[in-house]
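Residue numbers in the sequence shown follow this note's numbering, run continuously in steps of one, and reach 167 at the last position. We treat Cβ as the ideally placed atom computed from N, Cα and C, and that holds for glycine. Note that this is a predicted model, so its numbers are computed, not measured. Worksheet: one structure, shown below.
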Amino acid sequence: MIRRATPSDVDTMVQLVHDLAEYEKAPDECTLTSEQLHTALFGPAPTLFGHVAELDGQVVGLALWFLNFSTWTGTHGIYLEDLYVRPETRGSGLGKALLTTLAQECVTRGYQRLEWSVLDWNTPAIDFYRSLGAVGMDEWTVNRLTGDALARLGAA
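Written out as structure tokens, the structure reads:
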């Protein structure tokens with residue numbers, strides 16, 4: 012079952028995000044706290060949205076997303092920040108159900124895109140996404156400013 016995240020899901024969701032970081036070989040880079048996630052999802056001006064996947068009454072997966080905007084189409088879209096399903100429940104259809112729910116959000120709201128990034132070595136995920144009709148944006152390169160580089164540019 013897929014449903015919108017509630018405040019009572021936050022602690023489990025944080026654990027799932029940390030599990031995802033472990034899977035992506037970057038556990039030390041994930042410093043997310045329950046307080047941070049709660050504020051982002053349920054604070055006075057939410058900037059993040061979430062759905063959870065339940066199996067036998069337990070939250071075993073999540074999709075965390077936010078809105079983006081295409082100046083080319085003049086419409087919003089969804090950027091999927093995290094999609095994760097516990098390993099022991101993979102193959103149960105929950106990952107597809109989470110993505111289906113987000114696609115339905117897009118269609119219902121008139122959004123033109125659902126997009127996300129995937130690590131190039133994560134071939135099971137890439138194959139799964141391609142099976143759903145997702146197209147790789149291989150001609151684009153992701154750029155990011157963090158740490159000292161961000162501070163330097165921000166202080167200029």
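Bridge partner(s) assigned by DSSP for Y95: Answer by DSSP bridge pairing, in chain order: L73.
Cβ neighbour criterion (16 or more within 10 Å) applied to D67: The Cβ neighbour count for D67, taken over all protein chains shown within 10 Å, is under 16; the residue is labelled exposed.
E92 beta carbon less than 8 Å from that of F80: For F80 and E92, no; Cβs fall outside 8 Å.
3 or more residues per run - each beta strand (DSSP E) lying fully within the stretch 85-150: Correct list: 86-96, 125-127.
Backbone CA spacing between L94 and L59 [nearest angstrom]: When rounded, the distance between both Cα atoms is 13 Å.
Neighbourhood of M24 by C-beta distance below 8 Å, restricted to the same chain and skipping five residues each side: Non-local beta-carbon contacts of M24 in its own chain, meaning distances under 8 Å to residues more than five positions away in sequence, involve A16, L48, G61, V63, V70, L73, L75 in chain order.
Whether G104 touches F139 by CB criterion (8 Å): Contact flag unset, no.
E65 versus E46, T100, T42, residue with shortest Cα-Cα distance: Answer by Cα proximity: T100.
Residues sharing a beta bridge with S81, DSSP: S81 pairs with T86.
Selected residue, minimal CA-CA separation from Y34, among A51, T82, P135, L109: Of the candidates A51, T82, P135, L109, the one whose C-alpha sits nearest the C-alpha of Y34 is P135.
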